[in-house]
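Participant:
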Amino acid sequence: MVKDQEFLEKKASYCLGLAKKLGATESSVIVNNSVSETVNFRNKKLDESNRSDDLGISITTYIGKKKSSISSSNLLDDNLNILIEKCVETTKNTPQDEFNSLPDKDLLAKEVKDLDLYDDTHIENDQKIDYLKKLESAASNDKKIVNTESSFTQNKSNFILANSEGFCAGYKTSSFTASSVTVAKDEKSMERDYEYSSKCFLKDLDDAEELGKQAADQTIRKLSPKKIGSEKIAIIFDKRIAKGILSTFASAISSSAISRGTSFLKDKVNQKIFSDTINVLDKPDILKGLGSRNFDSEGVKTDTLKLVDQGILKHYLIDTYNGKKLNLKSNGRCGGTSNLYFENGNISFKDLLNSKSKSLYITETIGHGSNIVTGDYSVGATGFLVENGEFKYPINEITIAGNFKDMFKNITLANDLDFKYATNSPTMMIEGMVVAGK
Amino acid sequence: MSSMSNFFEKSDLSRSEAENIISDTLQKCDDGELYLENSKSESILLDDNKIKNSSYNSDLGFGFRAISDEVVAYSHSNEISKNSLKQSSENLKSTLKSVKGTYNHEIPKSNKKYYENINPIEQKSLNEKIKILNEVNNYLRSKDDNIKQVTANFLGEQKSVEIIRSGGETLTDVRPLIRFNVSVMLEKNGRKETGVYGVGGRQSYDSYLKDDNWKSVCDEALRIASVNLESKPAPAGEMKVVLGPGWPAILIHEAVGHGLEGDFNRKKTSAFHNLMGQKVASEGVTIVDDGTIDNRRGSLTIDDEGTPTEKTVLIENGILKNFMQDRLNARLMKTKSTGSGRRENYRHIVLPRMRNTMMLSGNQTQDEMIKAVDKGIFAVSFGGGQVDITSGKFVFNCTEAYEIVNGKIGSPIKGATLIGDGPSILKEVSMVGNDMMMDPGIGTCGKAGQGVPVGVAQPSILINKMTVGGTKL
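In order, the protein sequence lines correspond to chains A and H.
Residue numbering for the first sequence is 103 to 540, as defined by my numbering.
Residue numbering for the second sequence is 648 to 1120, as defined by my numbering.
(1) Tell me whether V719(H) is buried or exposed, calling it buried when 16 or more other Cβ atoms sit within 10 Å of its Cβ.
(2) Look up I765(H) in the DSSP assignment and say whether it is helix, strand or coil.
(3) Anyone know if the C-beta pair for T819(H) and D694(H) falls short of 8 Å?
(4) I think V1204(H) touches T1004(H), with their Cβ atoms under 8 Å apart; what is that distance to the nearest whole Å?
(5) Using CA atoms only, rank isn't needed, just tell me which of I474(A), D387(A), E466(A) is closest to G434(A).
(6) Tell me, please, which residues DSSP counts as bridged to A336(A).
(7) Select from the stretch 707-731 of chain H all residues with a C-beta closer than 8 Å to any C-beta belonging to chain A, and list them in chain order.
(8) Put T192(A) into one of helix, strand or coil per three-state DSSP.
(9) Determine the closest residue to K1040(H) out of G539(A), G401(A), G534(A), K460(A), with distance taken between C-alpha atoms.
(10) Report back the beta-carbon spacing between K258(A) and V133(A) to the nearest angstrom; my notes put them in contact at under 8 Å.
(11) Using the rule of at least 16 other Cβ atoms within 10 Å of the residue's Cβ for burial, across every protein chain shown, is F493(A) buried or exposed?
(12) If we ignore side chains and look at the alpha-carbon of each, how far apart do T529(A) and K370(A) end up?
(13) Which bits of chain A does V1115(H) rub up against, with CB to CB less than 7 Å?
(14) Could you check if P882(H) is buried or exposed, using at least 16 other CB atoms within 10 Å of its CB as the buried criterion?
(15) Given this structure, state the Cα-to-Cα distance separating I727(H) from S160(A), to the nearest angstrom.
(16) P197(A) versus chain H: which residues are under 9 Å apart at the beta carbon?
(17) Tell me, please, which residues DSSP counts as bridged to T275(A).
(18) For a contact defined as C-beta to C-beta under 8 Å, what are the partners of G1064(H) on chain A?
(19) Around the Cβ of V1052(H), are there at least 16 other Cβ atoms within 10 angstroms (buried) or fewer (exposed)?
(20) Taking CB distances under 8 Å as the criterion, tell me whether V190(A) reaches chain H.
(21) Would DSSP call F493(A) helix, strand or coil?
(22) Give the secondary structure of K887(H) by DSSP, where H, G and I count as helix, E and B as strand, and everything else as coil.
(23) Using a Cβ-Cβ cut-off of 6 Å (strictly less than) and excluding sequence neighbours within five positions of L367(A), which residues of its own chain qualify?
(24) Looking at the secondary structure, which residues open and close the alpha helix (DSSP H) in which D508(A) lies?
(25) Three or more C-beta pairs under 8 Å: does that hold for the stretch 377-384 of chain A against the stretch 427-445 of chain A?
(26) What does G1067(H) pair with, by DSSP beta-bridge criteria?
(27) In the DSSP assignment, find the beta strand (DSSP E) that holds N800(H) and state where it starts and stops.
(28) Bridge partners for S300(A) per DSSP, in chain order?
(29) With C865(H) as the anchor, note down where its alpha helix (DSSP H) starts and where it stops.
(30) Write down the C-beta distance between A317(A) and A241(A) rounded to the nearest angstrom, noting that I regard them as a contact closer than 8 Å.
(31) Against chain A, does G953(H) count as a neighbour if the rule is that its beta carbon must be under 8 Å from one of theirs?
(32) Across which residues does DSSP place M1006(H) in a beta bridge pair?
(33) Quick check on DSSP: helix, strand or coil for H752(H)?
(34) Using a beta-carbon distance cut-off of less than 7 Å, what residues from the stretch 676-692 of chain H approach chain A?
(35) Locate the beta strand (DSSP E) running through M1113(H), then write down its first and last residues.
(36) Where D453(A) and E533(A) are concerned, what is the direct C-alpha to C-alpha distance, given to the nearest angstrom?
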């Protein structure tokens, strides 16, 4: 059982009280508890069970404009006493920074809405096993599938965020996650792919058989890949890859990268960085949303932001510290975005595939090839050659490269957005990128 | 002297009660243990001319594992108490309903230690650390007017672990680890480039920073950034690649290291699973994974199952000799553990992992390699890499590279991704240098969501054919 609000609040107020007594002028604390139960299957048999019960506390103390923080998983009062004493002592010895402070009081969240983020349902391991049996049996139907690994996790979390300005709030969240990784083999090759579903409510989780079948189909179609030559070609990013490009955009507009001057999007507010048709939203109040929240990790209220409006960058993602540095108010994005997405384009998935006589459809990228300082992008990729709207054959051992400044201006989006992750994009086409192959 | 944690000191659970619960839970299991961990870590960060962060973390918890045949049951918690351990025990028993294994009590012993029992955090005061970070900032900013950003940080850790096996056998280890990093950003004519360098390992901060050695870390970060400021777009396509010695060995780590971990081979999902005893690399290529080098970042006195580490020969003169094994995969593959069972911390199950992965020296020179290339690239430093175990395809990202034209090193080129095929890449190695070098001690390897410190080493090598992911066709 995840710890209740009362337990977490008691710990939080104990820490705030002690910090004050020891000389902190301001302080904030987060206490959280997360209980997960996972069952893993491999080749239709039980492989692993894993139960985790994680407690954590992190405290930040201020003495004027000096700041320091500590965190621990040991919540016994004895240990907290030692740590808070150490934290206040370290604070005294840390040089001051004029921008250090708690959030402005008028920006703190005043109400906590029920965003439908907690499902009280408990799924026993035996029920998880039933789900995974169905999933793996569907996943291993085809003889070409030689290995299946699947897992089911239930997670229940609770937290309290409190500070010395009187803010004290938190709430429970839950998630139910199923995933399947399959390996397929033929004479020439062995390939792996996966499918995944994660929801706040158990009843919304994808059907086990569909999930298994999808993983298997996506793997089998990758068999016997070819390598193609180096050329400039239109790239179509599957939704699961397109969302990564949106995440890179989010890192590049974080106030910390902007205030440090280490982003290619610095000073680009109110400038056109995408084509006219592109809108980007960050909407924290979607019911059951995987990224939904009432306030950010400093307690600042989070409103919906239209980050990009008709191609024009409208906001950075701002927290208190970097906001003060940039002379901007926090917009409740300490800790990043909530439910971030590109709005739908006005062309169907099918028409997007058909829009070029030849293109590459990318289903997986590997490597850490996004540089937000320069905007350079270069990653290893796997996918399919598409000709006249049809998947011709699988492709691997290629790289795709470009620069985000150009890539962003050449994006065309399909109208197939869904909310499978916290960050989502419709299928995306980018023209003018370079493929390196043979 | 010993700063070993007493995990039962402030608990209502005594050691003998814990031993009884462990033995009761693990009877008829094939393997398992209680893993206790207490880690203390600090991070002090200078960024944008200021001390941005000074934080301290203390983490305590246990992970209880029971294994029957292929099935692993695991439960972890932060509360070391009678109640909590009993709940974990119930949880393990309910997963492994009918067990009929035989607990293997044999675990190899060794008295060798590869690092001192120290707490690096306490060996240097906060004020001294802050002083060095400020000196780093001033030193770099006074060196070059184009410097627009300096970030420097200290990371220090002491991790105490205790492993209690069925029957009460207990194994302990105290592991220090530090890292010092510097990153600079230069801006010239509207163009920005960064350079990053760091040092670290299992010794005190001063072992790495004495005699103003931090200056050489700064100089190296600045040198890389300056080179990149002059770089031009990288070529795209297949060509010859010369890799410099040291850190570029993450190619070995990604291309073959992961594929030789026991779990992927037991499950037959590695591209190497049916290649044991076969030729997987050119003659002259020997690769070892070594946990026994004093004070190295990837070294361990015992692994996270209590097995002493060793030097494991993976590939000898081109022939595949061994996989890296933890106890579970070793038992199922009817071989012995190579002391490669590792976990990020008590929250995670054990997996076979790399320690310090090294390609040993041959007898050619880097000069001979450069001269042998008409058109290709010379890669000196990398950011990071990744591999798809099943297809064998791997990538890594250059952070310092040059073009080679007609046997001569030319202009620096922009960071590009290189992609290759693990099982075949080592057959494309046509020269092995005589200049093997260890990396500076900064690597972290990620697998199944777990990060563990690792090391790599290699001499210069010439690879006949790799795909370079640049933008210039």
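Idealized CB from N, CA, C, for every residue including glycine.
Every value quoted in this text rests on a predicted model; they were computed, and no experiment measured them.
Facilitator: Here's the rundown:
(1) Along the second sequence, read from residue 1 onward, the residue named residue 719(H) stands at position 72. Buried.
(2) In the second sequence, the residue the question calls residue 765(H) occupies position 118. The answer is coil: DSSP assigns I765(H) none of H, G, I, E or B.
(3) Counted from its first residue, the second sequence places residue 819(H) at position 172. Counted from its first residue, the second sequence places residue 694(H) at position 47. No, these two residues do not count as a Cβ contact at 8 Å.
(4) Within the shown structure, residues of chain H are numbered from 648 to 1120, placing residue 1204(H) beyond reach of any answer.
(5) What you label residue 434(A) is simply residue 332 of the first sequence in a count that begins at 1. Taking only the C-alpha atoms, the option nearest G434(A) is D387(A).
(6) Start at 1 with the first residue of the first sequence, and residue 336(A) comes out as number 234. Paired residues: S461(A).
(7) L707, G708, E717, V718, V719, A720, Y721, S722, H723, S724, N725, E726, S731
(8) By 1-based counting over the first sequence, the position of residue 192(A) is 90. T192(A): helix per DSSP, three-state reduction.
(9) On the second sequence, position 393 is the one that residue 1040(H) refers to. K1040(H) has its Cα closest to that of G539(A), out of G539(A), G401(A), G534(A), K460(A).
(10) Indexing the first sequence from 1 puts residue 258(A) at position 156. Indexing the first sequence from 1 puts residue 133(A) at position 31. Actually they are not in contact, since the Cβ atoms of K258(A) and V133(A) sit about 15 Å apart, beyond 8 Å.
(11) The count along the first sequence starts at 1 and reaches residue 493(A) at position 391. Answer is exposed; the Cβ neighbour count stays below 16.
(12) Here residue 529(A) is taken as the residue at index 427 of the first sequence, counted from 1. Here residue 370(A) is taken as the residue at index 268 of the first sequence, counted from 1. If I take the Cα positions, the gap works out to 26 Å.
(13) One-based indexing of the second sequence puts residue 1115(H) at position 468. Near V1115(H) (Cβ distances below 7 Å), the residues of chain A are A538.
(14) In the second sequence, counting from the first residue as 1, residue 882(H) sits at position 235. Per the 10 Å Cβ criterion, buried.
(15) Here residue 727(H) corresponds to residue number 80 of the second sequence, with the count starting at 1. Here residue 160(A) corresponds to residue number 58 of the first sequence, with the count starting at 1. About 20 Å.
(16) Residue mapping note: residue 197(A) aligns to position 95 of the first sequence, counting from 1. Correct list: K697, I698, I777, N781.
(17) As a first step, residue 275(A) is located in the first sequence; it is residue number 173 there, counting from the start. Per DSSP, S259(A).
(18) Taking the first residue of the second sequence as position 1, residue 1064(H) is located at position 417. The residue you asked about is not Gly; residue 1064(H) is Thr in the sequence shown. Per Cβ cutoff of 8 Å: G469, G471, S480, V481, G482, T501, A503.
(19) As a first step, residue 1052(H) is located in the second sequence; it is residue number 405 there, counting from the start. With fewer than 16 other Cβ atoms within 10 Å, it is exposed.
(20) As a position in the first sequence, residue 190(A) is number 88, starting the count at 1. So no, V190(A) is outside the interface.
(21) Taking the first residue of the first sequence as 1, we reach residue 493(A) at position 391. Strand.
(22) The residue labelled residue 887(H) in the question sits at position 240 within the second sequence. In the structure shown, K887(H) sits in a strand (DSSP, three-state: E or B).
(23) For the purposes of this step, residue 367(A) is identified with residue 265 of the first sequence, where counting begins at 1. Closer than 6 Å at Cβ, skipping near neighbours: A354, I355.
(24) Translated into the one-based positions of the first sequence, residue 508(A) becomes position 406. Taken as a continuous stretch (DSSP letters only), the alpha helix (DSSP H) holding D508(A) covers 506-511.
(25) yes
(26) For this step, residue 1067(H) is matched to residue 420 along the second sequence. DSSP lists F1041(H) as partners of G1067(H).
(27) Mapped onto the second sequence, residue 800(H) falls at position 153. Taken as a continuous stretch (DSSP letters only), the beta strand (DSSP E) holding N800(H) covers 794-812.
(28) As a position in the first sequence, residue 300(A) is number 198, starting the count at 1. S300(A) is bridged to T279(A).
(29) In the second sequence, counting from the first residue as 1, residue 865(H) sits at position 218. Residues 861-876.
(30) The sequence position of residue 317(A) within the first sequence is 215, counting from 1. The sequence position of residue 241(A) within the first sequence is 139, counting from 1. About 5 Å; that satisfies the 8 Å criterion.
(31) In the second sequence, the residue the question calls residue 953(H) occupies position 306. False, the Cβ-Cβ gap to chain A never drops below 8 Å.
(32) In the second sequence, counting from the first residue as 1, residue 1006(H) sits at position 359. DSSP output for M1006(H) lists I934(H) as bridge partner(s).
(33) Looking up residue 752(H) in the second sequence gives position 105. It is coil, neither helix nor strand.
(34) none
(35) By 1-based counting over the second sequence, the position of residue 1113(H) is 466. Its beta strand (DSSP E) spans residues 1108-1116.
(36) Within the first sequence, residue 453(A) is the residue found at index 351, counting from 1. Within the first sequence, residue 533(A) is the residue found at index 431, counting from 1. So the two alpha carbons sit approximately 15 Å from each other.
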